[in-house]
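Chains as they are written, first to last, in the numbering used here: chain D, 167 to 278; chain W, 1013 to 1123. Backbone N, C-alpha and C fix where the C-beta goes; we use that ideal spot for every residue, glycine too.
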Amino acid sequence: DGGITQSPKYLFRKEGQNVTLSCEQNLNHDAMYWYRQDPGQGLRLIYYSQIVNDFQKGDIAEGYSVSREKKESFPLTVTSAQKNPTAFYLCASSLTAIGAQYFGPGTRLLVL
Amino acid sequence: AQRVTQPEKLLSVFKGAPVELKCNYSYSGSPELFWYVQYSRQRLQLLLRHISRESIKGFTADLNKGETSFHLKKPFAQEEDSAMYYCALSGRGTSYGKLTFGQGTILTVHP
């Protein structure tokens, strides 16, 4: 493994708290993505970025924010506005916007 | 809008039996389709993509534009094939860069 790393593996959030999930890739990929995985619902796209300093909302962006200041990094912040944040979060990257995506190991977010 | 449907949440077969995981899609243009697999305690990984027309681990998938399907098939299932399988679609135009996943099918291959 390697290529795409996510940290931490587990993250606990208190009510009203913002938390940030890290995603780093050393594949020199242009595009990066954040998904949320819930049982029985597959993967749902939160945000994606096709190039540095640019990103677009996915299907479930409310309560989340991202930044893409560096090509290799695409952190996701889960804000207090996200009322149901407990889920498994997956980061992915692809060489181009329409290429096959490669996934990180994931971060499981739990609410205290 | 683009949509991917995997009608079976669970699929069980015996070792050596043929297996088919169904995937249907809805998209107005020419899609690019993928199958991803997630084995226990491993990260989600690409299994195959339709443009490659290749067989990976004995699996094949054919894009049927008339039926808007991209079913995954293997003639003889193995126990190590047990995993979660996701079908995914990448569109163009307004959907450029977005990958839409189906809900997934858990395949269990019994000895």
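Contact list for residue i against chain W, beta-carbon separation under 8 Å
i, result
"Ala227/D", "Residues of chain W passing the Cβ test: none, with the nearest at roughly 12 Å."
"Leu275/D", "The premise fails here: Leu275/D is roughly 17 Å from chain W at the closest Cβ pair, so nothing lies under 8 Å."
Expected contact under 8 Å - CB spacing of residue i and residue j to nearest Å
i, j, result
"Phe1113/W", "Tyr1098/W", "5 Å"
"Ile217/D", "Asp196/D", "6 Å"
Cβ-Cβ distance between residue i and residue j below 8 Å
i, j, result
"Thr243/D", "Tyr230/D", "yes"
"Gly169/D", "Asn194/D", "no"
"Ala266/D", "Leu1058/W", "yes"
"Leu278/D", "Tyr176/D", "no"
"Gln1018/W", "Gly1116/W", "yes"
"Tyr214/D", "Lys1110/W", "yes"
Under 7 Å from the C-beta of residue i: neighbouring residues of chain W
i, result
"Pro271/D", "Arg1055"
7 Å Cβ shell around residue i - same chain, five flanking residues per side excluded
i, result
"Gln203/D", "Leu209, Ala253, Phe254 and Leu256"
"Glu1092/W", "none"
"Ser233/D", "Pro241"
Partners in chain D for residue i, counting only beta-carbon separations shorter than 9 Å
i, result
"Tyr1098/W", "Gly208 and Leu209"
Cβ shell of residue i (< 8 Å), same chain only, five flanking positions each side left out
i, result
"Ile1068/W", "Leu1059 and Leu1060"
"Thr1120/W", "Leu1022, Leu1023, Ser1024, Val1025 and Ser1094"
Within chain D, the residues that residue i reaches when beta carbons sit closer than 7 Å
i, result
"Gln1115/W", "Gly206, Gln207 and Gly208"
"Ser1102/W", "Ile264"
Cβ shell of residue i (< 6 Å), same chain only, five flanking positions each side left out
i, result
"Ile1118/W", "Leu1022 and Met1096"
Taking beta-carbon pairs under 7 Å, can you tell me which members of the region 254-267 of chain D lie near chain W? Leu256, Ala263, Ile264, Ala266 and Gln267
Note down, in chain order, all residues in the region 181-203 of chain D with a beta-carbon under 9 Å from any beta-carbon belonging to chain W. Listed by position, the residues of the region 181-203 of chain D near chain W (Cβ gap below 9 Å) are Ala197, Tyr199, Tyr201 and Gln203.
What are the residues of the region 218-248 of chain D that lie near chain W, defined by any Cβ-Cβ distance shorter than 9 Å? Result list: Gln222, Gly224 and Asp225.
Please list, in chain order, the residues of the region 1016-1043 of chain W that have any C-beta partner in chain D closer than 9 Å. Val1016, Gln1018 and Lys1021
Contact residues within the region 1058-1078 of chain W, judged by C-beta distance below 7 Å to chain D: Leu1058 and Arg1061
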